[in-house]
Amino acid sequence: VEVAYAYQEISDIPEEFKGKYADRAKPWGTGQAILCCKDVVSEPFLVINADDYYGKEAYVEAYNHLIQESEKNDKLQVSMVGFVLGNTLSENGGVTRGICKVDENHMLTDIVETSNIEKTEHGAAVRTEEGMVEVDVHSPVSMNMWGLHPEFFEALEKGFREFLSSIEENSLKAEYLLPTIVGDLLADGSADVKVLRSHDKWFGVTYKEDKAAVVASVRALVDGGVYPEKLF
């Protein structure tokens, strides 16, 4: 496997904006991070959160879709692995998830960013000021696992310029985020997003108390022969 490294630099922005944001100390977000890869990526590619465990099924689904011939039309072709909401919840408190609305052809129509989703005895519910509101624990949710094509870099560059032009000069924490970018492209008809499905359990640390459960879950996968004791 050939490995290449791309480094996200705060200063890696169009020249005309460098003076305006000279005091910036916070990275520009996941959209800019992907843009930093444009000179080393020339084939369909997968984007993930580096500190999340997605499971084998998710990678198989993503790979099988990416190697298919891309549909030829004037829209960007994007894929997203959707996870079952119930497989992504924490035992230790509420989480924020992008709940996906999907049509009969498994195409994404909307992502509803939903906060304070808690695991309950009967499934899941959102904590609101009025009380707990049940949500479908089987709903597909986005965990930031995206299948993209090199053509996406052009849309990223255009969107990044628009983002830099639109934020306030003293807004030193605003981020150019991939879920927002895809949502905007979907809303204006520039992209089609295919939702793939994984039934694997997602592991991640939202609360420090989650760590022990994640360690135990990974240990169980090793003990069960899913992964070797030593990966390398």
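Position 64 of the sequence shown, counting from 1, maps to 71 under my numbering, and the rest follow consecutively. Where is the CB? At the ideal position from N, CA and C, for every residue including glycine.
query, result
"S172: first and last residue of the uninterrupted alpha helix (DSSP H) it sits in", "159-173"
"H156 versus L83 - alpha carbon distance", "8 Å"
"Contact under 8 Å by Cβ, T103 with V109", "no"
"Cβ-based burial, E175 [other Cβ within 10 Å; buried from 16]", "exposed"
"Status (buried if at least 16 other CB within 10 Å, exposed otherwise) for G154", "buried"
"Chain-order list of residues whose beta-carbon lies under 8 Å from that of H129 (same chain, five-residue window excluded)", "E141"
"Extent of the continuous alpha helix (DSSP H) to which E64 belongs", "63-73"
"Cα-Cα separation between Y28 and Y12, rounded to whole angstroms", "25 Å"
"Short Cβ contact (8 Å threshold) for S18 with G89", "no"
"For P186, the first and last residue of its enclosing alpha helix (DSSP H)", "185-194"
"Close-in-space but distant-in-sequence residues of the same chain around F52 (CB under 7 Å, 5 per side omitted)", "L155"
"Selection from E169, G138, L192 that minimises the alpha carbon distance to F159", "L192"
"G38 classed as buried or exposed, judged by whether at least 16 other C-beta atoms fall within 10 angstroms", "buried"
"Buried or exposed by the 16-neighbour rule on C-beta atoms within 10 Å, applied to K33", "exposed"
"Inside the segment 98-148 only - alpha helix (DSSP H) runs reaching at least 4 residues", "none"
"Selection from C43, E111, S49, Y70 that minimises the alpha carbon distance to S205", "Y70"
"Given N56 as reference, the closest of E169, Y66, I118 once Cα atoms are compared", "Y66"
"Opposing strand residues paired with L203 [DSSP bridges]", "V88"
"Within 8 Å, strictly: CB atoms of V200 and V212", "no"
"Backbone CA spacing between S77 and V133 [nearest angstrom]", "38 Å"
"Which of helix, strand or coil DSSP assigns to F24", "helix"
"Contact check, N99 vs E216, beta carbons under 8 Å", "yes"
"Of the listed residues D30, E236, C43, E9, nearest to L163 (C-alpha basis)", "C43"
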